[in-house]
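In the numbering used here, the protein residues as written are 17 to 531.
Built from N, CA and C at the ideal position, the CB exists for glycine as well.
In this text the structure is predicted, and so the values were computed from the model without any measurement.
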């Protein structure tokens with residue numbers, strides 16, 4: 017549901033349209049009105065002129081309805097279409113807008129007057145940014161195990177909406193309080209517009225920071241409205257949020273739930289570890305606030321995952337201690353990120369040490385299962401097990417071919433390959449305010465970045481696991497000395513762990529015997 021941006025400030029209230037919909041005598045009408053009220057409590061009741069065309073047949077209208085309506089949607093749509101024929105013509109645009117707001121809130125943003133969210137000069141820029149791209153490249157993903165991933169018609173944009181952050185994590189090199197590192201309207205407009213104008217069928221925006229919630233709820237609505245107005249017909253836009261969780265409240269959850277944004281929360285293990293590694297700007301621990309935010313997301317089914325940075329302290333405590341603490345916290349599905357140095361610096365967790373820690377963690381998880389306890393699942397271990405069983409890993413680090421399909425856009429307009437390389441100018445494609453995104457991704461510099469990311473793959477092809485890991489994450493090769501020898505990306509012990517379970521009797525695993 018896309019429409020051209022209109023400067024016409026024709027507006028009416030949805031009140032009369034809502035009253036008309038309320039007369040439809042059907043059990044699903046109450047749900048429709050509840051959804052409509054939730055949208056309008058966030059954005060307002062004013063309706064602007066936009067060229068919506070209501071599906072005239074029942075099957076097409078049913079396709080608009082929420083999935084939760086199921087088979088009952090047909091009866092409501094039949095009743096609606098019968099009544100629609102006699103609806104006052106002057107009321108029909110607002111009725112259409114109400115349906116879109118209730119059923120497809122993201123698309124419903126095009127029904128809101130631009131002047132409710134943007135200043136006049138911003139409206140001019142938004143209007144000028146709208147382009148008809150014509151044919152959209154259909155999304156065809158090939159993520160099969162044993163083959164290099166293909167991301168045709170797909171783009172993932174890690175959008176650094178701000179570098180501002182209310183935390184001061186001891187290992188973090190991503191936050192900044194400089195004004196130029198907080199995304200302004202012109203950056204978000206340019207980044208979103210140019211990403212969509214590449215014509216990909218699916219564009220995923222990962223809203224990142226700093227702390228993206230420091231954008232504020234109105235800032236988030238403005239970002240979503242820009243996406244809705246600039247998306248092309250046939251494009252699918254998704255938003256994902258990575259947050260420290262401490263700023264979440266019921267009002268934020270209403271925004272996320274209404275517009276279908278799920279979030280991952282950073283929790284660095286047990287309280288004592290988390291509070292040391294993730295204090296706020298005043299030096300106070302943030303564990304309770306982060307866990308409260310996580311539980312709020314979980315209560316609305318908006319929690320997409322938990323991410324944890326593995327520091328030297330976590331390694332020293334051991335995998336058994338981490339498994340037990342995550343078990344106790346009820347965090348049973350977690351992704352681990354080894355602490356990495358900023359570009360040009362040294363330190364962090366060595367890849368080999370991280371892999372050994374993952375192997376130990378799998379032993380701990382198996383021991384828990386053997387003892388009748390609930391095991392904790394790690395994203396990294398599950399991805400390896402998926403590949404060994406012949407299924408896609410669902411994890412970009414084990415698919416290869418990521419250059420060009422995943423990009424990071426900074427608040428100052430810099431475009432890089434993945435935010436793992438932040439701070440290294442050799443992995444920067446260029447700047448959106450100097451060159452269009454499409455030209456940046458087709459440039460000789462982009463090809464050079466791809467070649468650099470693939471450096472070392474030739475020697476790794478000799479590894480018997482290469483068809484599964486595709487060489488692992490290129491950032492790990494980036495962190496290693498260029499002269500390093502060896503034919504394994506370092507993840508071989510993990511694949512061995514899942515490829516020959518018969519070699520490890522359960523009693524030995526429970527006892528913690530080495531494999």
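Just to confirm before moving on: does the CB-CB distance between residue i and residue j stay below 7 Å?
i           : j           : result
residue 126 : residue 247 : no
residue 179 : residue 441 : no
residue 280 : residue 321 : yes
residue 272 : residue 312 : no
residue 55  : residue 138 : no
residue 44  : residue 92  : yes
residue 436 : residue 491 : yes
residue 121 : residue 64  : no
residue 107 : residue 42  : no
residue 465 : residue 494 : no
residue 124 : residue 116 : yes
residue 284 : residue 300 : no
residue 392 : residue 323 : no
residue 380 : residue 339 : yes
residue 291 : residue 275 : no
residue 429 : residue 203 : yes
residue 1   : residue 363 : Since the first residue of the chain shown is 17 and the last is 531, residue 1 is not available in this structure.
residue 112 : residue 70  : yes
residue 487 : residue 473 : yes
residue 242 : residue 212 : no
If contacts are defined as beta-carbon pairs under 8 Å, then residue i and residue j qualify, I think. What distance do you get, rounded to the angstrom?
i           : j           : result
residue 252 : residue 217 : 7 Å
residue 223 : residue 260 : Not really, about 13 Å apart at Cβ, beyond 8 Å.
residue 375 : residue 355 : 18 Å between Cβ atoms; not a contact.
residue 378 : residue 397 : 5 Å
residue 68  : residue 49  : With a Cβ gap of about 19 Å, residue 68 and residue 49 do not count as contacting.
residue 161 : residue 51  : Not really, about 40 Å apart at Cβ, beyond 8 Å.
Which of the three DSSP states is assigned to residue i in this structure?
i           : result
residue 432 : strand
residue 323 : strand
residue 366 : coil
residue 499 : Any reading at residue 499 must be qualified, since the residue scores a pLDDT of 45, below 50, and its modelled position is unreliable; no value is offered.
residue 29  : strand
residue 446 : strand
residue 126 : helix
residue 458 : helix
residue 346 : coil
residue 275 : coil
residue 491 : helix
residue 504 : coil
residue 204 : helix
residue 228 : helix
residue 71  : coil
residue 513 : helix
Straight-line CA distance for residue i to residue j?
i           : j           : result
residue 73  : residue 97  : 8 Å
residue 399 : residue 57  : 41 Å
residue 20  : residue 32  : With a pLDDT of 42 at residue 20, under the threshold of 50, the modelled position of this residue cannot be trusted; read the value that follows with caution. Their backbone Cα atoms lie some 25 Å apart in a straight line.
residue 456 : residue 214 : 11 Å
residue 207 : residue 309 : 29 Å
residue 408 : residue 109 : 45 Å
residue 476 : residue 416 : 13 Å
residue 145 : residue 210 : 9 Å
residue 298 : residue 194 : 18 Å
residue 166 : residue 34  : 46 Å
residue 75  : residue 62  : 29 Å
residue 458 : residue 163 : 24 Å
residue 481 : residue 504 : 8 Å
residue 152 : residue 140 : 25 Å
residue 445 : residue 461 : 6 Å
residue 154 : residue 514 : 36 Å
residue 403 : residue 84  : 33 Å
residue 232 : residue 263 : 10 Å
residue 131 : residue 353 : 42 Å
residue 30  : residue 114 : 7 Å
residue 418 : residue 170 : 11 Å
Quick check on this structure: which residue in the options has the alpha carbon closest to the alpha carbon of residue i?
i           : options            : result
residue 258 : 494, 339, 176      : 176
residue 296 : 316, 184, 381      : 184
residue 423 : 403, 173, 115      : 173
residue 421 : 340, 67, 231, 220  : 220
residue 330 : 372, 60, 314       : 372
residue 512 : 502, 484, 494      : 484
residue 198 : 189, 181, 186      : 181
residue 270 : 307, 315, 430, 136 : 315
residue 383 : 395, 203, 403, 335 : 335
residue 333 : 302, 306, 454, 286 : 286
residue 265 : 241, 290, 230, 291 : 230
residue 390 : 341, 432, 369, 502 : 341
residue 249 : 337, 170, 148      : 148
Would you check whether the ligand HEM has a heavy atom nearer than 6 Å to the C-beta of residue i?
i           : result
residue 312 : The ligand HEM is absent from the structure shown, which contains no ligands of any kind.
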